[in-house]
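For the sequence shown, the residue numbers in our numbering are 18 to 931.
A virtual CB, placed ideally from N, CA and C, is assigned to each residue, including glycine.
Keep in mind the model is a prediction, meaning the values are calculated, not measured.
Quick notes on the structure that follows.
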Amino acid sequence: MIRSSPSIPIPRTVPVLPLHDKVLLPGVVTRLQISRRESIPLFEKILRTYDSKELSKCIIAVFPVRGSPSTSPSASSPSSSPAFTSTSSSSEDDGSAVSKAVIKRRQGVTNNRSQGPGDDEDSIVIGSSAGQVVPMRPGSGNSSSFALTPAHLFGIGCAARLVRLERAVGGFTVVLEGIVRLRLNKIIAHTPFFEADVSPMPDKAVDKNDQDLQDHIVALRSTSKEFVSLLQTLKLPAPVLTQLQKFLENVGLIPGQVVDLLISTIESTLEEKIMILDAVDLKERIPKAVELLTRQIHVLKISQKVHDNVEGKLNKKQREFYLRQQMAAIKEELGEKDAGEEDEMTTIENRLNAANLPAEVQKAADREMKRLRKMQPASSEYSVIRNYLDWLGDLPWTKSSEDILDVEKARKQLNDDHHGLEKVKRRILEYLAVTKLQQMKGDVKGPILCLVGPPGVGKTSLGRSIATAMGRKFHRISLGGVWDESEIRGHRRTYVGALPGLIIHGLKKCEVNNPVFLLDEIDKVGSRGHHGDPSAAFLEVLDPEQNNTFTDHYLNVPFDLSKILFIATANSVDTIPAPLLDRMELITIPGYTYAEKLAIATNHLLPKQIRQHGLSEDDVKVTQPALLKVATGYTRESGVRHLEREIGSLVRAKAVEFAEAQERKLSNVPVMEHAGKEHKEYQPLVTLEDVEEILGQEKYVNEVTERTPTPGVVTGMAYNGVGGGILFIEVSQMPGKGLLQLTGSLGDVIKESAQIALSWVKSHGYEIGLTNSRGQNIMEKADVHIHMPSGGTPKDGPSAGIAMVCALVSMFSNQTVPATTAMTGEFTLRGLVMPVGGIKEKVIAAHRAGVRKIIMPLRNQKDVTADVPANVREEIEFFYASTVWEVLREAFEGRVVVRTGLAGAAAGALDSRM
Numbered sequence: 018m019i020r021s022s023p024s025i026p027i028p029r030t031v032p033v034l035p036l037h038d039k040v041l042l043p044g045v046v047t048r049l050q051i052s053r054r055e056s057i058p059l060f061e062k063i064l065r066t067y068d069s070k071e072l073s074k075c076i077i078a079v080f081p082v083r084g085s086p087s088t089s090p091s092a093s094s095p096s097s098s099p100a101f102t103s104t105s106s107s108s109e110d111d112g113s114a115v116s117k118a119v120i121k122r123r124q125g126v127t128n129n130r131s132q133g134p135g136d137d138e139d140s141i142v143i144g145s146s147a148g149q150v151v152p153m154r155p156g157s158g159n160s161s162s163f164a165l166t167p168a169h170l171f172g173i174g175c176a177a178r179l180v181r182l183e184r185a186v187g188g189f190t191v192v193l194e195g196i197v198r199l200r201l202n203k204i205i206a207h208t209p210f211f212e213a214d215v216s217p218m219p220d221k222a223v224d225k226n227d228q229d230l231q232d233h234i235v236a237l238r239s240t241s242k243e244f245v246s247l248l249q250t251l252k253l254p255a256p257v258l259t260q261l262q263k264f265l266e267n268v269g270l271i272p273g274q275v276v277d278l279l280i281s282t283i284e285s286t287l288e289e290k291i292m293i294l295d296a297v298d299l300k301e302r303i304p305k306a307v308e309l310l311t312r313q314i315h316v317l318k319i320s321q322k323v324h325d326n327v328e329g330k331l332n333k334k335q336r337e338f339y340l341r342q343q344m345a346a347i348k349e350e351l352g353e354k355d356a357g358e359e360d361e362m363t364t365i366e367n368r369l370n371a372a373n374l375p376a377e378v379q380k381a382a383d384r385e386m387k388r389l390r391k392m393q394p395a396s397s398e399y400s401v402i403r404n405y406l407d408w409l410g411d412l413p414w415t416k417s418s419e420d421i422l423d424v425e426k427a428r429k430q431l432n433d434d435h436h437g438l439e440k441v442k443r444r445i446l447e448y449l450a451v452t453k454l455q456q457m458k459g460d461v462k463g464p465i466l467c468l469v470g471p472p473g474v475g476k477t478s479l480g481r482s483i484a485t486a487m488g489r490k491f492h493r494i495s496l497g498g499v500w501d502e503s504e505i506r507g508h509r510r511t512y513v514g515a516l517p518g519l520i521i522h523g524l525k526k527c528e529v530n531n532p533v534f535l536l537d538e539i540d541k542v543g544s545r546g547h548h549g550d551p552s553a554a555f556l557e558v559l560d561p562e563q564n565n566t567f568t569d570h571y572l573n574v575p576f577d578l579s580k581i582l583f584i585a586t587a588n589s590v591d592t593i594p595a596p597l598l599d600r601m602e603l604i605t606i607p608g609y610t611y612a613e614k615l616a617i618a619t620n621h622l623l624p625k626q627i628r629q630h631g632l633s634e635d636d637v638k639v640t641q642p643a644l645l646k647v648a649t650g651y652t653r654e655s656g657v658r659h660l661e662r663e664i665g666s667l668v669r670a671k672a673v674e675f676a677e678a679q680e681r682k683l684s685n686v687p688v689m690e691h692a693g694k695e696h697k698e699y700q701p702l703v704t705l706e707d708v709e710e711i712l713g714q715e716k717y718v719n720e721v722t723e724r725t726p727t728p729g730v731v732t733g734m735a736y737n738g739v740g741g742g743i744l745f746i747e748v749s750q751m752p753g754k755g756l757l758q759l760t761g762s763l764g765d766v767i768k769e770s771a772q773i774a775l776s777w778v779k780s781h782g783y784e785i786g787l788t789n790s791r792g793q794n795i796m797e798k799a800d801v802h803i804h805m806p807s808g809g810t811p812k813d814g815p816s817a818g819i820a821m822v823c824a825l826v827s828m829f830s831n832q833t834v835p836a837t838t839a840m841t842g843e844f845t846l847r848g849l850v851m852p853v854g855g856i857k858e859k860v861i862a863a864h865r866a867g868v869r870k871i872i873m874p875l876r877n878q879k880d881v882t883a884d885v886p887a888n889v890r891e892e893i894e895f896f897y898a899s900t901v902w903e904v905l906r907e908a909f910e911g912r913v914v915v916r917t918g919l920a921g922a923a924a925g926a927l928d929s930r931m
């Protein structure tokens with residue numbers, strides 16, 4: 018029978034060892050690495066005072082530390098999993114031999130191995146005089162930023178005797194055995210280590226007449242037995258369980274020691290161990306310990322259940338595999354076949370036959386079927402081949418949907434869904450007409466269109482409308498942020514979890530081989546990297562001469578993509594590689610005019626928002642002036658996405674009014690008396706006055722008409738790839754040495770345009786009337802500064818050439834260009850005005866900004882006639898110039914003095930070259 022530790026006298030004054038992130042309980046033996054500078058002097062003195070045989074006479078007080086920082090461990094090295102070591106020391110009565118067993122539990126599995134003194138695992142020693150050693154959590158190491166004071170010590174600690182003390186690298190290795198709880202009365206010495214006045218607090222003798230205490234002991238006995246029985250299921254060594262059971266038999270006599278032992282063996286937090294240490298009264302300590310033991314029992318039960326399930330499944334699979342092998346051998350001898358397996362194989366073959374595979378694909382499928390028949394279902398390769406055959410059987414190799422080749426019906430469908438976009442509609446109708454005429458031949462290949470335009474103009478929704486008009490299934494593939502080539506072409510089957518790419522996935526989802534595929538945001542595809550080049554993978558997909566034999570890496574057999582109608586969308590073609598751009602038919606979708614936005618808002622956006630907010634068209638009505646006010650004063654975009662949000666705000670405001678009116682109607686409260694507030698009767702109409710009340714003040718004002726004409730300021734026109742805009746050019750001069758300064762985040766091309774403009778003005782200063790003689794330098798004692806506002810926006814391109822000339826002439830001559838006059842065009846050093854691009858976008862943006870006169874190159878006249886809407890052409894005066902002289906005369910309306918002699922000769926020479 019295990020006896021309790023003999024009574025050891027505790028001195029009144031003892032040295033103090035602070036413990037960081039640890040708690041030492043009575044009867045527990047722990048090993049510590051002492052490396053903190055406030056603790057080393059204590060053990061230096063102990064080594065000088067006691068020899069190795071008298072160490073057990075040395076008593077120290079161990080107190081937990083409050084709020085210590087957790088850094089490097091100061092205790093023994095932590096183990097990766099809970100470890101239990103049991104040692105039975107020799108008894109003073111029977112002299113039994115010492116037995117030692119090491120139990121390690123990892124994930125519910127118990128293995129036995131011996132533990133030497135050099136092992137890194139912490140240990141638990143259960144014995145009469147040796148005490149109990151428990152695994153301690155890593156504590157804090159040396160921390161210069163943490164200054165220990167008496168206030169950091171916890172009020173309750175534990176008296177401990179030294180079992181072993183050895184020098185180690187950086188400090189000492191010490192083994193301590195807890196004896197009895199201590200109360201800290203006061204600190205009587207601070208250096209070189211703390212010494213304290215303490216009072217022992219031993220456990221009181223068990224009063225058998227105390228019914229409450231006896232009830233707690235009964236609960237402790239029941240819980241501890243359940244805990245030990247659960248440890249038996251973990252197959253712990255018999256000596257350990259026997260030792261623990263004998264110790265627990267004395268729970269009625271020494272319940273306090275049993276509690277301290279059990280709490281030291283389970284997983285618990287620092288706060289929970291301090292709670293047990295602080296509970297001196299057994300009536301308080303035992304219920305807390307029972308609660309912690311119950312929690313640990315539940316954890317062990319769950320861990321054991323998970324382990325048993327996993328082990329059972331493994332054993333079951335091994336047994337099934339062995340039985341299947343025997344069954345296969347018996348059936349092979351008897352000449353029988355497995356009906357269930359045969360049914361599965363028959364199902365796969367029927368699916369492959371129904372798919373009507375091409376000859377090359379059928380050959381690959383037959384080869385994989387032969388391999389599948391020779392494999393066991395438990396084999397990992399079996400599921401790989403089965404998935405591959407499922408993909409072959411699910412793809413629409415020959416299944417097509419019937420096209421609606423009614424051109425008139427398709428035109429009506431496209432017109433109902435989208436306003437404008439005539440170029441795209443005309444191209445789709447052309448495809449339908451050609452398909453209808455060559456339907457008997459069946460060799461019409463789907464076009465590969467690329468819709469390029471600013472955000473919000475309806476590129477994505479247009480693809481769905483095209484599919485509806487043609488009677489085809491629609492599938493959208495978002496390419497934004499695709500960086501891996503395998504997402505397009507699939508993964509090879511040698512990789513775990515391999516799957517086909519986005520193209521084959523879309524075909525399986527559509528179940529036909531002629532859907533409409535929308536490749537959304539193709540300009541956002543990632544560039545070449547260590548995962549390959551996704552844009553290069555599209556070279557085969559989008560090539561009409563190659564995509565009839567598209568080979569996905571997973572399938573490794575060709576699939577015909579030529580019947581698919583591919584429609585790509587992009588905001589800009591600048592980021593699309595040239596080989597890929599060459600394979601697509603570009604259709605530019607410019608921004609909408611205010612008239613087009615008004616029509617779109619009336620016919621599409623407003624009805625859509627009314628439906629989405631649970632109202633009917635009779636509940637909300639918006640006047641045309643109100644819609645136009647929203648488009649002009651609250652949005653500034655090429656598309657209609659922001660316009661739709663603002664219309665949604667109007668509808669939501671009316672929805673609140675409508676809901677309140679319904680509540681008043683249901684409550685039968687007069688309109689003027691509801692909730693003590695005055696309410697008007699619900700009005701479904703949104704007028705011009707209501708817009709500002711609902712949406713607030715206008716967010717945008719007319720950029721041009723609000724400006725006052727100023728010398729040196731000219732309005733230019735810009736195109737940035739996502740729509741057009743106007744560009745203000747400001748020029749000023751100051752005393753200097755003839756230098757030119759350019760600001761406004763300008764690119765190299767636009768800087769060169771500024772240099773050319775300044776050179777032309779300096780060389781023709783006499784003809785323009787800026788100097789009195791031909792040889793005079795207008796910048797002899799002046800510097801020129803050209804600035805373009807919105808410096809955070811990069812600007813580049815040659816389109817601002819003639820605008821810069823006019824700005825320089827305006828500044829030098831102190832004449833103004835009307836604020837409502839804008840201009841665009843490149844020019845040469847000889848004064849010839851060259852054509853530029855993006856005319857439609859620029860004109861629409863200028864019209865949106867309030868421009869009423871535009872000067873542009875003569876050779877861009879055909880672009881205005883062909884692309885600019887008629888209503889815009891009617892509201893803007895266009896002037897087409899072939900030379901800079903014509904630009905100056907029109908921009909300044911004859912207010913700039915032009916000496917007609919040389920200027921006329923130069924202009925005539927240029928006109929003759931035209």
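Under the DSSP definition of a beta bridge, residue 903 lacks any partner. Its Cα nearest to that of residue 396, the residue 335 stands out among 657, 812, 335. The shortest CA-to-CA distance from residue 839 to any of 900, 849, 909, 83 is the one to 909. Taking residue 782 as reference, the option from 828, 234, 814, 759 with the minimal CA-CA separation is 828. When the alpha-carbon of residue 273 is set against those of 623, 846, 856, 231, the nearest one is in 231. Residue 484: not part of any beta strand (DSSP E); member of the alpha helix (DSSP H) spanning 476 to 487, first to last residue. Per DSSP, the beta bridge partners of residue 175 are 79, 198. Annotation: the continuous alpha helix (DSSP H) that includes residue 526 extends over 519 to 527. Exclusion of the five residues before and after residue 717 leaves 649, 650, 651, 652, 653 as the residues of its chain whose Cβ lies within less than 8 Å of its Cβ. Counted as a single uninterrupted DSSP element, the alpha helix (DSSP H) harbouring residue 818 occupies residues 818 to 830.
Minimum Cα-Cα distance from residue 224 among the listed residues 269, 188, 241 corresponds to 269. The shortest C-alpha to C-alpha distance from residue 892 to any of 433, 612, 673 is the one to 612. With 16 or more neighbouring CB atoms inside 10 Å of its own CB, residue 31 falls in the buried class.
Sixteen is the threshold: when 16 or more other Cβ atoms of the shown chains lie within 10 Å of the Cβ of residue 536, as they do, the residue is buried. In the structure shown, residue 631 falls within a coil segment according to DSSP collapsed to helix, strand and coil. The shortest CA-to-CA distance from residue 394 to any of 342, 725, 541, 57 is the one to 342. Counted as a single uninterrupted DSSP element, the beta strand (DSSP E) harbouring residue 749 occupies residues 741 to 752. Residues of the same chain with a CB within less than 6 Å of the CB of residue 755, apart from the 5 flanking positions on each side, are 796 in chain order. Residue 734 is bridged by DSSP to 743. For residue 379, the closest C-alpha among the options 487, 390, 391, 366 is that of 366. The three-state secondary structure of residue 783, taken from DSSP, is helix. Contact check for residue 306 and residue 33: beta-carbon distance about 27 Å, past the 8 Å limit, so the pair fails to qualify.
Per DSSP, the continuous beta strand (DSSP E) segment holding residue 872 begins and ends at 870 to 874. A Cβ-Cβ separation of about 12 Å leaves residue 618 out of contact with residue 703 under the 8 Å criterion.
Of all alpha-carbon atoms in 666, 52, 850, 660, the one lying nearest the alpha-carbon of residue 896 is that of 850.
Note that the segment 851 to 870 does not touch the segment 579 to 597; fewer than 3 beta-carbon pairs, one per stretch, sit closer than 8 Å.
For residue 675, no beta strand (DSSP E) segment is defined; the enclosing uninterrupted segment is the alpha helix (DSSP H) at 658 to 684.
Our two residues, residue 671 and residue 436, have alpha carbons roughly 27 Å apart in a direct line.
Residue 532 sits away from residue 571, with the two beta carbons spaced by 8 Å or more. Contact holds between the segment 881 to 891 and the segment 595 to 612, because three or more Cβ pairs, one in each stretch, are under 8 Å apart. A straight line joining the alpha-carbon of residue 472 with that of residue 443 spans about 22 Å. When the alpha-carbon of residue 468 is set against those of 440, 449, 276, the nearest one is in 440. Nearest Cα to residue 508 within the set 521, 805, 79, 816: 521. The straight-line gap separating the alpha-carbon atoms of residue 636 and residue 685 is approximately 21 Å. A straight line joining the alpha-carbon of residue 712 with that of residue 810 spans about 28 Å. Under the criterion of beta carbons closer than 8 Å, residue 496 and residue 539 qualify as touching, at roughly 5 Å.
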